[in-house]
Structure formats: structure tokens, C-alpha cells
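Peer 1: Quick one: structure below, then a few questions.
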Amino acid sequence: MQPTLIATTPIAGQRPGTSGLRKKVKVFQQPHYLENFVQAIFDTQPELNGGVLVVGGDGRFYNREAIQTILRMAAANGVSKTLVGCGGIFSTPAVSCVIRKYHTQGGIVLSASHNPGGPDEDFGIKFNAANGGPASETVTNAIFERTQTIDRYLTLDTPALNLDLEGEFSLGAMTVTVLNSVSDYAELMETLFDFNAIRQLFSNGKFRMRFDAMHAVTGPYAVEILEHRLGAAPGTVMNGIPLEDFGGGHPDPNLAHAKALVALCSGADGLDFGAASDGDGDRNMILGKNFFVTPSDSLAVLAANAQLMPGYTAGISGIARSMPTSQAADRVAAALGIECFETPTGWKFFGNLLDAGRITLCGEESFGTGSNHVREKDGLWAVLFWLNVLAARQQSVAAIVTAHWQQFGRNYYTRHDYEGVELAGAEDLMNHLRILLTELPQRKLGNEVVSYADDFSYTDPIDGSVSQQQGIRIGFASGARIVFRLSGTGTEGATLRVYLEYFEPDPTQHQRETQEAMQPLILIARELAQIEARTGRSEPDVVT
Ligand code: VG1
Ligand code: CO
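Now the structure itself:
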């Protein structure tokens with residue numbers, strides 16, 4: 004079958020952000036919008052011609068249609084085989100797992116992650132390379148550049164494939180294998196964790212938990228792994244059916260958007276463990292009884308307990324965290340005598356370090372934790388890791404984290420988001436801070452003295468590539484930090500993120516309420532950046 008060549012013209016604004024290209028569904032539905040971007044992937048990634056490509060998404064509105072378009076274009080562009088998740092479903096970490104397991108040349112993930120879904124909400128597309136990880140900036144820049152000159156795309160004139168049937172099908176000269184979305188991933192989890200120990204925890208009659216899939220992609224994964232393979236009671240997974248609009252909610256596992264789960268873990272009768280994952284299954288939130296584990300602390304605790312896991316008995320080679328993530332993990336790395344890296348926000352920056360074996364664990368404050376088992380952050384992996392720690396230590400979540408603080412000190416941490424603010428105001432605010440940078444060192448702000456101030460620049464230790472302007476960092480002599488950056492995943496206006504951290508070595512001061520404990524730093528941040536004057540907002544929209 005001959006490919007059909009369709010003439011097109013460049014469409015502005017197809018530059019991928021922190022994690023792929025994210026826009027309103029309505030934008031993606033414009034003629035040639037998706038096609039231009041997909042063709043730019045094929046035009047810049049020649050190894051896909053004759054290669055194998057993984058395709059799947061988080062099940063949101065437009066997922067199925069986009070997959071049919073991509074399959075036709077893949078066949079027309081000479082891809083020899085595609086591996087597609089049944090029903091078009093693949094979580095982001097499952098795509099990474101399948102790329103690696105079958106040694107494919109890459110994958111395309113359809114998701115806007117934690118952003119809401121539905122005809123008036125968001126859609127996204129992301130290319131993952133042969134290592135299973137999000138494409139590097141070099142690759143995403145090349146794709147973007149291609150979108151600016153594109154003048155044609157290739158497709159086939161074929162009817163839609165039935166994606167709800169596992170098996171092998173043909174599309175032109177290309178084979179399409181529709182895979183069970185869960186099994187390869189579930190098998191990988193069985194190699195990393197002590198499933199017997201977790202099974203015993205579930206059957207001891209005392210342990211009570213819920214996993215909130217938020218009507219997003221992890222529902223089928225969690226039901227299979229937690230309820231079927233590990234024997235958790237039916238109903239342990241809540242909101243387990245993936246819906247095109249996530250039931251109308253934000254599939255964002257945090258205190259603001261997973262309120263029902265938080266309520267279940269609160270009070271005298273609260274559950275022992277609660278966990279949630281996001282739209283595409285790469286984020287995680289961990290709760291104990293009346294206890295919230297910050298993602299930064301979670302990374303540190305997992306690192307300190309890694310050797311208890313069958314998959315990490317040999318120990319970990321190093322840890323990396325994104326720059327705004329708290330420095331709790333750095334303390335564990337120092338105690339273990341291993342390397343610790345600070346990277347820009349976004350999982351793509353961990354890829355080279357993982358490939359080179361320099362790190363085993365990595366994480367971001369934005370509810371992302373992962374390891375060298377795949378090249379994406381992995382929500383259910385983190386949940387299983389925690390369950391395995393609980394089973395091995397036979398202690399509560401609160402007891403484990405509190406003991407961790409006693410040993411390493413506590414990094415109080417919070418992030419304040421000002422969402423959907425005017426872009427011009429947000430950019431002015433960042434520029435205003437950039438101008439201040441040189442005069443800040445040694446200045447006293449509140450009770451804190453600035454020791455350094457910069458616009459974070461990262462040189463990749465493996466390939467030497469440099470990424471500049473990755474966020475304003477202000478470090479204080481006390482070890483406290485304030486970081487300002489603008490989100491690269493939003494689809495409307497700008498989102499200002501303010502990250503605040505301070506270190507408390509004294510165990511008698513470890514039980515304070517976070518927002519209250521952080522109040523002096525919050526005030527410094529607001530004043531310094533003139534947040535209210537420049538954004539018109541007196542309070543953040545989301546506090547995590
Ligand atoms: C946010 C988070 C970042 C994360 C990214 C993708 O980016 O801050 O840590 O890697 O989302 O996560 P930004 O640019 O909006 O701050 V996911 O789960 O939405 O793919
Ligand atoms: Co996500």
C-alpha cells in the first residue's frame with residue numbers, strides 16, 4: 004500500500020515543555036496539528052524507519068483517535084512494527100518498561116499527565132527514546148525545529164484498527180501488536196519487590212489501605228498487582244476505572260486533589276496507608292495514618308531503606324533530585340558515601356545519569372520517584388516500594404519517617420503554586436528576580452542571610468550539554484532555600500511555582516505544622532518577588 008502524502012504548513016507553538024507538547028484538546032483537534040508534530044518525530048528520528056515503536060496513552064479524551072492517526076503515520080513512515088497497549092492504554096512507566104524489554108527504537112506517550120481531561124481540557128504527546136526515557140532536550144529541540152519547516156506528512160488511507168483485541172494485526176506493511184497493558188510491567192515489579200512479604204502484610208488482619216487511581220491510567224495496573232497478585236481485599240483500589248475525563252477531577256495526587264483519600268487516612272480510625280497516582284501513572288502520593296509524606300522526604304526514606312528491597316540489595320550507586328526538590332536525599336547520599344546530583348526539573352535530565360549507572364534512585368518534589376528499573380518516574384513502583392518497607396520494618400509510615408528525621412534531621416518543605424496568572428506579569432517577576440541576583444549575597448532578608456543567589460544552570464556530567472535558566476535559587480546561610488520557576492506543563496497563562504525549604508536538625512522541633520514553620524520564609528519569598536503586585540494574587544492556588 005502506497006503512503007498518501009498530505010501537504011501541510013508549519014503551526015506555531017509546537018515546542019515541547021517540561022514533559023512533551025501539551026495543549027488544549029481543541030488545539031490538537033485542529034487540522035494537521037497532531038500530524039505535523041508526529042511527522043516531525045519521524046523526520047528527525049531516522050532509526051524509527053524499519054524499527055519498532057511503542058504507542059499508548061493514559062486513556063483521556065482523544066487518546067484513541069490520536070493513536071489511530073499515529074499508527075497510520077507510523078506505517079506510512081516505514082515503521083516495521085508497533086506495540087500498542089490494549090484499548091490504547093499504557094501508563095508512562097509501562098511504556099518505558101516495554102521499550103526497554105523489547106529493545107524498541109522508541110515510544111510515543113499520549114498524555115497531559117496530571118492536567119484535567121475531556122473535550123475542553125488538555126491533551127499531550129511525548130516521544131521517548133530507545134533507553135525508555137523522555138527524549139533529551141537535543142531531540143525535542145530538533146523535533147520543534149522540524150515543526151517550523153514541515154511541508155508534508157505521510158499517512159495511509161486505512162480504516163481504524165480494533166485496539167480492544169490483543170493480538171497481531173497488519174496495517175499496510177507494518178505489524179501492530181496489541182499487548183496486554185499490564186503484564187510486562189507487573190512482571191518487572193515482581194522482580195524488584197518482596198511480593199510474599201507484602202502479601203503477608205495484607206493478610207495479617209490489621210493493615211488497612213486504599214489506592215486511589217483517580218479514574219486515570221493506573222486503575223488496571225493497581226487492581227492486577229495489588230488485588231490479584233498481592234491479595235489485597237477487593238475494593239482496595241478506588242476510582243479504578245480509567246475515564247476519558249477522569250470523572251471530572253484533576254488526576255493529580257496531592258493533598259488538594261485527592262481529598263477523599265486524605266479523609267480516609269485521617270482521624271482515630273484512619274487507614275494505615277493511602278496512596279494515589281496521576282493521569283499517566285508516573286506520580287505518587289504516600290499517606291500514613293494522619294501523616295503526609297512529602298515527595299522529597301519519600302525519596303530520602305526510600306534511599307535509606309533501599310537495601311531491604313530484593314531489587315536493590317546490592318545498594319544504590321547514587322541519587323539524583325531535581326533542583327527544587329528538598330535536600331533531604333543529599334543527607335542520605337552523604338551518609339551512604341554515594342554521589343548526589345542536582346538536575347533541572349523534568350525526568351529527561353535523569354536519563355543520562357541512569358544510563359551511565361551513576362545513580363540508582365531519583366526523584367522530584369512534584370510527587371515523582373523512580374529508579375533505574377525504567378527511565379520514567381513510576382507511581383505504582385513507589386507505592387510497592389513503600390509497602391515493602393512497611394512489611395520489612397513492621398512499623399507505621401509515621402514511625403519510619405519520624406525515625407528518619409531523627410537520624411538525618413528534617414527538611415521542612417512546601418511548594419506554593421500561583422496558577423493561570425498572566426504571562427507578562429509572571430515573566431516580569433522572574434526578570435525582576437534575575438536583576439536582583441547579583442546584589443543578594445550577604446543581604447539579610449527577615450532573619451535569614453543570603454549565601455548565594457543564581458539562575459540555575461546545569462551541565463550534564465555525561466554528555467556535557469548545558470541547560471540554562473532553570474529556576475532562581477536563593478540559598479541562605481542556615482541551609483534554607485527559596486526557588487522560583489515558571490511551570491513548563493501548563494496550557495493556560497503562566498503558573499508560578501515557589502519552592503521553600505528549611506533544615507531543622509533538632510528533633511524536639513520536628514513536629515511543627517509545615518505552613519506555620521515555613522511562615523518566615525513564605526513572607527521573604529512574597530516580598531522579594533513582589534508576588535501580589537506582579538501577579539495580582541495574595542494567596543497561592545495550590546499548596547503542597
Ligand atoms: C511539572 C513538575 C515536574 C514534572 C513535570 C511532569 O513540571 O514540576 O517536576 O517533571 O510536571 O510531570 P512544571 O514545568 O509544570 O513545573 V508529569 O507527571 O505532569 O508528566
Ligand atoms: Co504524570
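For the sequence shown, the residue numbers in the numbering used here are 4 to 547. Backbone N, C-alpha and C define an ideal beta-carbon position, used for all residues, glycine too. Just so you know, these numbers come straight off a predicted model, no measurement behind them.
1. In chain order, which beta strand (DSSP E) runs of at least 3 residues are fully inside the segment 390-471?
2. Report whether the distance from the Cβ of ARG286 to the nearest heavy atom of ligand 2 is below 7 Å.
3. Measure the alpha-carbon distance for ALA145 versus PHE130 and round it to whole angstroms.
4. Between the C-alpha atoms of ALA43 and ILE153, what's the straight-line distance to the nearest angstrom?
5. Could you please give the first and the last residue of the uninterrupted alpha helix (DSSP H) stretch that includes GLY354?
6. Rounded to a whole number of angstroms, what is the C-alpha to C-alpha distance between HIS231 and ALA483?
7. Going by C-alpha distance, which of ILE477, GLY478, PRO464, SER460 is nearest GLN471?
8. Can you tell me which of the three DSSP states ILE44 falls into?
9. Could you name the residues of the same chain whose beta carbon sits closer than 6 Å to that of GLY478, not counting the 5 residues immediately before and after it, in chain order?
10. So ALA133 packs on ILE111, CB below 8 Å; how close in whole Å?
11. Going by C-alpha to C-alpha distance, which of LYS447, ALA429, SER468 sits closest to GLY496?
12. When you compare only the Cα positions, how much space is there between ASP255 and ALA338?
13. Quick one: is GLN33 buried, meaning 16 or more other Cβ sit within 10 Å of its Cβ, or exposed?
14. Can you tell me whether THR95 sits near ligand 2, meaning its C-beta is under 7 Å from at least one heavy atom of the ligand?
15. When DSSP labels each residue in this structure, what does PHE487 get in the three-state scheme?
16. Round the Cβ separation of GLY60 and ILE70 to the nearest angstrom and send it over; I've been treating them as touching at under 8 Å.
17. Counting contacts by CB-CB distance shorter than 8 Å, is GLU140 in contact with chain C?
18. Within 10 Å of its beta-carbon, does PRO298 have 16 or more other beta-carbons around it, so buried, or fewer, so exposed?
19. If you reduce the DSSP assignment to three classes, tell me which class THR239 lands in.
20. Tell me whether the segment 259-274 and the segment 326-345 touch, counting them as touching only if at least three CB pairs, one residue from each stretch, are closer than 8 Å.
21. DSSP state of THR492, grouped into three classes?
22. Apart from the five residues on each side of it in sequence, which residues of its chain come closer than 6 Å, Cβ to Cβ, to PRO19?
23. Run through the segment 261-337 for me and flag every whole beta strand (DSSP E) of 3 or more residues, listed as ranges in chain order.
24. Which residue or residues does DSSP assign as beta-bridge partners of THR180?
25. Determine the direct distance from the alpha carbon of ASP358 to that of VAL335, and round the result to whole angstroms.
26. Start and end of the beta strand (DSSP E) containing THR547?
27. For MET192, which option in LEU390, ILE14, ARG529, ALA401 has the closest C-alpha, if you only look at C-alpha atoms?
28. Between which two residues does the alpha helix (DSSP H) carrying GLY222 extend?
29. Compute the beta-carbon to beta-carbon distance between GLY284 and SER139, rounded to the nearest angstrom, for a pair I have assumed lies under 8 Å.
30. According to DSSP, which residues form a beta bridge with GLY23?
31. Quick check: GLY38 and TYR156, are their CB atoms within less than 8 Å of each other?
32. Just the C-alpha distance for LEU393 and SER399, rounded to the nearest angstrom, thanks.
33. Within 10 angstroms of the Cβ of MET4, are there 16 or more other Cβ atoms? Answer buried if so, exposed if not.
34. DSSP three-state call for ILE92: helix, strand or coil?
35. Can ARG213 and LEU264 be called in contact, C-beta distance under 8 Å?
36. Let me check one thing: in DSSP terms, what residues is TYR36 bridge-paired to?
Peer 2: Straight from the coordinates:
1. 413-424, 451-458
2. Checking the Cβ of ARG286 against ligand 2 gives yes.
3. 12 Å
4. 7 Å
5. 354-358
6. 45 Å
7. When each option's Cα is compared against that of GLN471, the closest is SER460.
8. Collapsing the DSSP output to three states places ILE44 in a helix.
9. SER454, TYR455, ARG484
10. The Cβ separation is near 13 Å, so there is no contact.
11. ALA429
12. For ASP255 and ALA338, the distance between alpha carbons rounds to 33 Å.
13. Around the beta carbon of GLN33, fewer than 16 other beta carbons sit within 10 angstroms, so the residue counts as exposed.
14. yes
15. strand
16. 7 Å
17. Checking the listed chains, one finds no chain C in this structure; it contains a single protein chain.
18. buried
19. coil
20. Using a Cβ-Cβ distance cut-off of 8 Å, the segment 259-274 and the segment 326-345 are not in contact, since fewer than three pairs of beta carbons, one from each stretch, lie closer than that value.
21. coil
22. THR143
23. Entirely contained in the segment 261-337, the beta strand (DSSP E) runs reaching 3 residues are, in chain order, 276-280, 287-291, 294-296, 321-325.
24. LEU86, GLU171
25. Roughly 22 Å between the two C-alpha positions.
26. No beta strand (DSSP E) holds THR547; DSSP gives it neither H nor E.
27. With distances taken between Cα atoms, MET192 lies closest to LEU390.
28. 221-225
29. The Cβ separation is near 22 Å, so there is no contact.
30. DSSP, once it has assigned bridges, lists GLY20 as partnering GLY23.
31. With the sequence shown as reference, residue 38 is identified as Glu, and Gly is not the correct amino acid for it. Yes, these two residues count as a Cβ contact at 8 Å.
32. Taking C-alpha positions only, LEU393 is separated from SER399 by approximately 7 Å.
33. In summary, MET4 is exposed, with fewer than 16 beta-carbon neighbours lying within 10 Å of its beta-carbon over all protein chains present.
34. strand
35. yes
36. DSSP, once it has assigned bridges, lists no residue as partnering TYR36.
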